[in-house]
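In our numbering, each residue carries its 1-based index in the sequence shown increased by 423.
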Amino acid sequence: DTRFLVLMLRGGLDGLHALPPYGDPGYAQLRGPLALSPAGPTAEAAAALRLDGTFALHPALTFAQQLYQRGQLLPIPAAAPPYWGRSHFEAQDCVENGTATPDGARTGWLNRAIAALPGVEGLAVSTVMPLMMRGAVPVATWTPPLPVRVNPILLQRLEPLYAEDPRLAPAFA
Numbered sequence: 424d425t426r427f428l429v430l431m432l433r434g435g436l437d438g439l440h441a442l443p444p445y446g447d448p449g450y451a452q453l454r455g456p457l458a459l460s461p462a463g464p465t466a467e468a469a470a471a472l473r474l475d476g477t478f479a480l481h482p483a484l485t486f487a488q489q490l491y492q493r494g495q496l497l498p499i500p501a502a503a504p505p506y507w508g509r510s511h512f513e514a515q516d517c518v519e520n521g522t523a524t525p526d527g528a529r530t531g532w533l534n535r536a537i538a539a540l541p542g543v544e545g546l547a548v549s550t551v552m553p554l555m556m557r558g559a560v561p562v563a564t565w566t567p568p569l570p571v572r573v574n575p576i577l578l579q580r581l582e583p584l585y586a587e588d589p590r591l592a593p594a595f596a
């Protein structure tokens, strides 16, 4: 059963920490003490999981390394459209619509790919249909249920962050 899985990691993923290019001569110099390498100077740095002579994975990604070794994972680092604007959100739209401009298409590249392949279905694990999955082909969405009980320590830590927000402060109080 062949599947194609796209992980769109939004927000603050440090790609150089998740997929360190330890084989690049400038990586360790430019990354400094944050550099991870299978031949690293510290135990933490040396725990990087070698993929090939250029890239490794962060030590917490052992499952991803196993998938890579079985030929079931292909990381694609630094994929970006030819968009040079300063808006992170517009650049994200370019990635999702598969064009060079934020308004280049109203449908997503992945939905268009699904439409071109007979017998293929799509599923978005998201509360909102991501742009990359929008289009002519119906795609289901699924969101895991929220936990019944939230750790009270987590709520205590979040409370000061949202104390000044008129809408969110009551939720954490």
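Even glycine gets a Cβ: it sits at the ideal position worked out from N, Cα and C.
Treat the numbers as computed from the prediction; the structure is a model and nothing was measured.
Reduced DSSP category for residue i - H, G, I as helix; E, B as strand; rest coil
i      : result
Ala479 : strand
Leu432 : coil
Leu472 : strand
Ala538 : helix
Val518 : helix
Leu497 : coil
Leu587 : Checking the displayed sequence, the identity of residue 587 turns out to be Glu instead of Leu. Note: Glu587 maps to coil in three-state DSSP.
Trp507 : coil
Met556 : helix
Phe427 : coil
Leu533 : helix
N- and C-terminal bounds of the beta strand (DSSP E) containing residue i
i      : result
Val548 : Leu546 to Val548
Ala563 : Ala563 to Trp565
For residue i, the first and last residue of its enclosing alpha helix (DSSP H)
i      : result
Thr485 : Thr485 to Gln492
Ile576 : Pro575 to Leu581
Ala592 : Ala592 to Phe595
Whether residue i touches residue j by CB criterion (7 Å)
i      : j      : result
Ile537 : Gly527 : no
Cys517 : Pro498 : no
Leu490 : Leu484 : no
Ala547 : Thr564 : yes
Ala479 : Pro461 : yes
Pro443 : Leu459 : yes
Leu578 : Tyr585 : no
Asn534 : Met552 : no
Thr558 : Gly531 : The question names Thr, but residue 558 in the sequence shown is Gly. Closer than 7 Å, so yes.
Length at least 4, wholly inside the region 430 to 465: the alpha helix (DSSP H) runs in chain order: Segments of the alpha helix (DSSP H) lying fully in the region 430 to 465: 438 to 441 and 450 to 454.
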